[in-house]
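Okay, structure first, notes after.
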Amino acid sequence: MSRKVAFITGITGQDGSYLAEFLLSKDYEVHGLIRRSSTFNTSRIDHIYQDPHTENPRLFLHFGDLIDGVGLTTLIRELQPTEVYNLAAQSHVQVSFSMPQYTGQVDGVGVVGILEAIRSAEVNTRFYQASTSELFGSTPPPQNEESSFRPRSPYAAAKLMAYWATVNYREAYGLHASNGILFNHESPRRGETFVTRKISRAVAAIAKGSKEKLFLGNLESVRDWGYAKEYVESMWLMLQQDSPSDYVVATGVGASVRDFAKAAFSHADLDWEEHLEIDKKYLRPTEVDSLIGDPSKAKKLLRWEAKTKWQELAKLMVDSDLQSKN
Ligand code: NAP
Ligand code: F7E
């Protein structure tokens, strides 16, 4: 049987944790890059981590950082992964306006660093880059692989560099490198400051009586929200294709932030207008008004299709936060 060794950056994040679970279920040996932190930062993967001293451990964690190219080169040379999934990023769009240079270093230059690490380590591997619908920015929907990129944030500008670096390593060096242009995907593991999780947590807290109000910014923006657990399979499918390519991954359905909030409040039998207020501090200097993906290519070539639509997603996230003790 051929070796199946995956290296995942961003394994402690939402997508990294689902992808690690998925690859372990497919009998991969999984290696993840984690950042040194003064507190534990592995809560999303603790349930799949086994003590490396037990018999046949298949998940291994390594300290590193996307901006430490030397460390990445050493690690990649040592591990000889057959698949590399680059999911690490400063992934918060609003935060990128406060930390534009850092976001550029991690999300843009850092990706060149990992591509260069693969090249200089002379490892025979396939590469997945976590690209994003944010690349489309002000281009009106529906957006597909041919739509123009018009980034509207430092985050999107950095991801644009990473997108083209990935394409360039494919063309220049024949690397099996693919961009997954994923539209927003959410889950009970979504970071607490992204809008869907902020809503589901607040709805649960209000239902339990421990909170009164939810403060949000722009309620008009439209997003194509899918379920993260399903989206990680599309990443794997891209690397199983004979040829590398770039794919839009989306549900094809859009809803506004207001729609999502209304659905979440109504699932807990709460009146959204009573609890939702606007706080201008959550408005961004430039906004992306509407992202709705056209996932026809992924459906045709990867035979991948989103199953969970945003209404169901809102319910499952509220249910999970209602059950949670935090
Ligand atoms: P996330 O939950 O914010 O996870 C980000 C991961 O990157 C975490 O493991 C984080 O580590 C790690 N990280 C951050 N900076 C790093 C650095 N300098 N070096 C090494 N690791 C670093 O993000 P996600 O939602 O899972 O998204 C995964 C990827 O897909 C990201 O690249 C994101 O930009 C992209 N994306 C996400 C979506 C979406 O809707 N979720 C859509 C399109 C693209 P810590 O745990 O230590 O912070
Ligand atoms: O905002 C609006 C906000 O932060 C969604 C990342 O995973 O998906 C994500 O980026 C919308 C925006 O996600 C609040 O202005 C209103 O229009 O949940 P978000 P995002 O910016 O779409 C893309 C595809 C990525 O690649 C990114 O990594 O909701 N909004 N009020 C708010 N957003 C937040 N966070 N907080 C609010 O209070």
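Counting in numbering that gives the first Met the number 0, the sequence shown runs from 0 upward without gaps.
Cβ atoms here follow ideal geometry from the backbone N, Cα and C, with glycine treated the same way.
Legend entry - the segment 194 to 201 touching the segment 308 to 323, judged by at least three CB pairs closer than 8 angstroms: yes
Legend entry - Ser132: CB within 8 angstroms of a non-hydrogen atom of ligand 1: yes
Legend entry - Start and end residues, beta strand (DSSP E) containing Gly31: 28 to 33
Legend entry - Terminal residues of the beta strand (DSSP E) in which Leu275 lies: 275 to 277
Inset, instruction - Inspect the CB distances between the segment 179 to 192 and the segment 229 to 248 and report whether three or more fall short of 8 angstroms. - result: yes
Legend entry - His175 beta carbon less than 9 angstroms from that of Leu238: yes
Inset, instruction - Kindly examine ligand 4 and report whether one of its heavy atoms sits closer than 8 angstroms to the Cβ of Phe182. - result: Of the ligands this structure carries, namely ligand 1 and ligand 2, none is ligand 4.
Inset, instruction - Examine ligand 1 and report whether any of its heavy atoms sits within less than 8 angstroms of the Cβ of His46. - result: no
Inset, instruction - Taking Ala157 and Gly103 to be in contact with their CB atoms under 8 angstroms, please state how far apart those CB atoms are, rounded to whole angstroms. - result: 5 angstroms
Inset, instruction - Could you please give the first and the last residue of the uninterrupted beta strand (DSSP E) stretch that includes Ile113? - result: No beta strand (DSSP E) contains Ile113, which is instead part of the alpha helix (DSSP H) from 109 to 119.
Legend entry - Buried/exposed call for Arg2, threshold 16 Cβ in 10 Å: Residue environment analysis places Arg2 among the exposed positions, since fewer than 16 neighbouring C-beta atoms fall within 10 angstroms of its C-beta.
Legend entry - Own chain, CB closer than 7 angstroms to Gly63, minus 5 neighbours either side, in chain order: Leu32, Gly70, Leu71, Leu74
Legend entry - beta strand (DSSP E) runs contained entirely in the segment 158 to 226, provided each spans 3 or more residues: 175 to 181, 213 to 215
Legend entry - Whether Val110 touches Ala164 by CB criterion (9 angstroms): Yes.
Inset, instruction - Find the nearest neighbour of Pro99 within the set Glu20, Pro153, Ala87, Glu115, judged by alpha-carbon distance. - result: Minimum Cα distance to Pro99 is reached at Pro153.
Inset, instruction - Use the C-beta contact count for Asp45: other C-beta atoms within 10 angstroms, 16 or more gives buried, fewer gives exposed. - result: exposed
Legend entry - Neighbourhood of Ile47 by C-beta distance below 7 angstroms, restricted to the same chain and skipping five residues each side: Ala19, Glu20, Leu23, Leu58
Inset, instruction - Answer yes or no: do Gly15 and Pro140 have a C-beta to C-beta separation smaller than 9 angstroms? - result: no
Legend entry - Proximity winner among Leu86, Leu215, Tyr168, Glu121, relative to Tyr17 (alpha-carbon distances): Leu86
Legend entry - Touching by the beta-carbon criterion (3+ pairs, under 8 angstroms), the segment 196 to 215 and the segment 257 to 270: yes
Inset, instruction - Compare the beta carbon distance of Glu145 and Val287 with 9 angstroms and say whether it is the shorter of the two. - result: no
Legend entry - Cβ-Cβ separation, Val256 to Asn217 (assumed contact under 8 angstroms), whole Å: 7 angstroms
Legend entry - When Ile66, Val202, Ser97 are compared against Arg34, the one with the closest alpha-carbon: Measuring from the Cα of Arg34, the nearest candidate turns out to be Ile66.
Inset, instruction - Using beta-carbon positions only, say whether Gly353 and Gly190 come within less than 9 angstroms of one another. - result: The structure shown does not extend to residue 353, since the chain is modelled only from 0 through 325, so no value can be given for it.
Inset, instruction - Ignoring anything shorter than 3 residues or poking outside the segment 35 to 113, list the beta strand (DSSP E) runs there in chain order. - result: 58 to 62, 82 to 85
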